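Worksheet: one structure, shown below.
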Amino acid sequence: MSQRVAILGATGLVGRTALGLLEERRYPVGDLRLLASESSGREMTFGGRPWPVEAVSARGFEGVDLALFACANDVSQQWVEVARLAGARVVDNSSAFRYHPDVPLVVPEVNGALLDARPDLVANPNCSTIAIALALAPLARAVGIERVEVATYQSVSGGGAEALEELERGVRLGLERDPPPRADGGPAFAFNVVPQIDRFEDNGYTREEMKVVWETRKILGIPELAVNATAARVPVRVGHCAAITVALARAVEPEEARALWAAWPGLEVVDAPAAGRFPTALMAAGRDAVLVGRARRDLSQPRGLSFWVSSDNLRKGAATNAIQIAERLMSGAPGMAGRGASR
Ligand SMILES: NC(=O)c1ccc[n+]([C@@H]2O[C@H](COP(=O)([O-])OP(=O)(O)OC[C@H]3O[C@@H](n4cnc5c(N)ncnc54)[C@H](OP(=O)(O)O)[C@@H]3O)[C@@H](O)[C@H]2O)c1
């Protein structure tokens, strides 16, 4: 038997990607509810036929088995409880519940075992952090990690559909003159690198940077792990990158790190710099694998290793990870028997 699936935020970048992935991954969708802010005659296509987009309401969750939330924090906060009370299992892409001790924060290839308890609310991690945690996991398991230093280079689609439109508009205008500032008054995305994502916290870090700190610790299950992050927005449409340096429990040669990554599900090693092969945002866009490369010993410390990751923020950084969660979460549910779940 198949499931009734709802997507809240179906018209946004993550929602649209999730809809396409349900089809691509042959998720057993019996019935579908596409929910957003206002319906006013909008339609989307699924399974070769049009589906209406409805304004979100309590009725929208009636009979729903799986609810994929792809909306802002306040919208998730408003509707998660309604969906749970209606009997749905919720996978939430927002950060509204990620830091709640009772809500699992899951990258299936790292801590997917948390899903075996079949929680009715699972948080999908931050888009950069999914890739960072995935690349750190084999090193943490096989060697031990003492400290992480990370700088992210995040594409503009990470800020949602409106931000992406601003980039595209700004690029066109910026070919003729200085790109205009953003509608919210922030510095232009086009032809720029902006070291602010999300609001500034009192400690001088942005909230995006603190998400990397908090979520890396929670996903890896190392609450005291020292993590220092800088997050920047770069004028790229899709694909986040991160430069990562780790202090390990012992020295690790790049060859050993590459072997650990190559054996870990969800990771793909692209590391032949002499041949011009290393991960880029464009190379990662449209793919589910997190690409890892540029591995080298950190010459400034005896047990340090530096490397680079690139991933598609809308797929593995959001929708793919959410649907992988759903596949394992719902694996005891009708229609999911026998589907493979990653570790
Ligand atoms: N973009 C990424 O790379 C990424 C990665 C990981 C996590 N996330 C998180 O995923 C969530 C969605 O991000 P996104 O990039 O897809 O954003 P987006 O493109 O701005 O889409 C937002 C969606 O929310 C809907 N929405 C807005 N206000 C609503 C309301 N009051 N009630 C119901 N629906 C409402 C919008 O519907 P309308 O069309 O009706 O406005 C749209 O479908 C956010 O929490 C984001 O932080 C994003």
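Straight run, no breaks: the sequence shown in the working numbering ends on number 352. Glycine included, C-beta positions come from ideal geometry on N, C-alpha and C. The structure displayed is predicted, hence computed values, not measured ones.
According to DSSP, is residue i part of a helix, a strand, or is it coil?
{"i": "LEU323", "result": "coil"}
{"i": "VAL89", "result": "helix"}
{"i": "CYS250", "result": "strand"}
{"i": "GLY39", "result": "strand"}
{"i": "ALA268", "result": "helix"}
{"i": "GLN12", "result": "strand"}
{"i": "ALA132", "result": "strand"}
{"i": "THR20", "result": "coil"}
{"i": "VAL221", "result": "helix"}
{"i": "ASP83", "result": "helix"}
{"i": "ILE231", "result": "coil"}
{"i": "GLY121", "result": "helix"}
{"i": "LEU308", "result": "coil"}
With a threshold of 7 Å, establish whether the CB of residue i neighbours any heavy atom of ligand 1.
{"i": "LEU22", "result": "yes"}
{"i": "VAL91", "result": "no"}
{"i": "ALA251", "result": "no"}
{"i": "VAL84", "result": "yes"}
{"i": "ALA79", "result": "yes"}
{"i": "VAL65", "result": "yes"}
{"i": "GLU171", "result": "yes"}
{"i": "SER46", "result": "yes"}
{"i": "GLY167", "result": "yes"}
{"i": "ALA19", "result": "yes"}
{"i": "GLY326", "result": "yes"}
{"i": "SER320", "result": "no"}
{"i": "LEU323", "result": "yes"}
{"i": "SER11", "result": "no"}
{"i": "ASN102", "result": "yes"}
Would you mind giving the Cβ-Cβ distance between residue i and residue j, rounded to the nearest angstrom? I have them listed as a contact below 8 Å.
{"i": "GLY302", "j": "ALA256", "result": "In fact, because the Cβ distance is near 20 Å, the residues do not count as touching under 8 Å."}
{"i": "PRO189", "j": "PRO196", "result": "About 10 Å separates the two Cβ atoms, so there is no contact after all."}
{"i": "ALA27", "j": "ALA331", "result": "6 Å"}
Please report the distance separating the alpha-carbon of residue i from that of residue j.
{"i": "PHE316", "j": "CYS250", "result": "11 Å"}
{"i": "GLY57", "j": "GLU185", "result": "41 Å"}
{"i": "GLY153", "j": "ALA260", "result": "10 Å"}
{"i": "VAL89", "j": "LEU44", "result": "13 Å"}
{"i": "VAL73", "j": "LEU41", "result": "9 Å"}
{"i": "ALA140", "j": "ILE231", "result": "17 Å"}
{"i": "PHE198", "j": "ALA298", "result": "26 Å"}
{"i": "ALA9", "j": "ASN212", "result": "In this structure the chain extends from 10 to 352, so residue 9 is not present and cannot be described."}
{"i": "ILE16", "j": "THR254", "result": "37 Å"}
{"i": "LEU276", "j": "GLY248", "result": "15 Å"}
{"i": "VAL278", "j": "PHE287", "result": "9 Å"}
{"i": "ALA64", "j": "ARG208", "result": "29 Å"}
Decide if residue i is buried, meaning its Cβ has at least 16 other Cβ atoms within 10 Å, or exposed.
{"i": "PRO282", "result": "exposed"}
{"i": "MET339", "result": "buried"}
{"i": "THR138", "result": "buried"}
{"i": "VAL84", "result": "buried"}
{"i": "ALA122", "result": "exposed"}
{"i": "ASN322", "result": "buried"}
{"i": "ALA172", "result": "buried"}
{"i": "PRO117", "result": "buried"}
{"i": "GLU224", "result": "buried"}
{"i": "GLY295", "result": "exposed"}
{"i": "ARG242", "result": "buried"}
{"i": "VAL202", "result": "exposed"}
Should residue i be listed as close to ligand 3, given that the test is whether its C-beta is under 7 Å from any heavy atom?
{"i": "GLY230", "result": "Ligands present in the displayed structure are limited to ligand 1, and ligand 3 is not among them."}
Please report whether the beta-carbon of residue i lies at a distance below 8 Å from any beta-carbon of chain C.
{"i": "ALA132", "result": "In the structure shown, chain C cannot be found, because there is only a single protein chain."}
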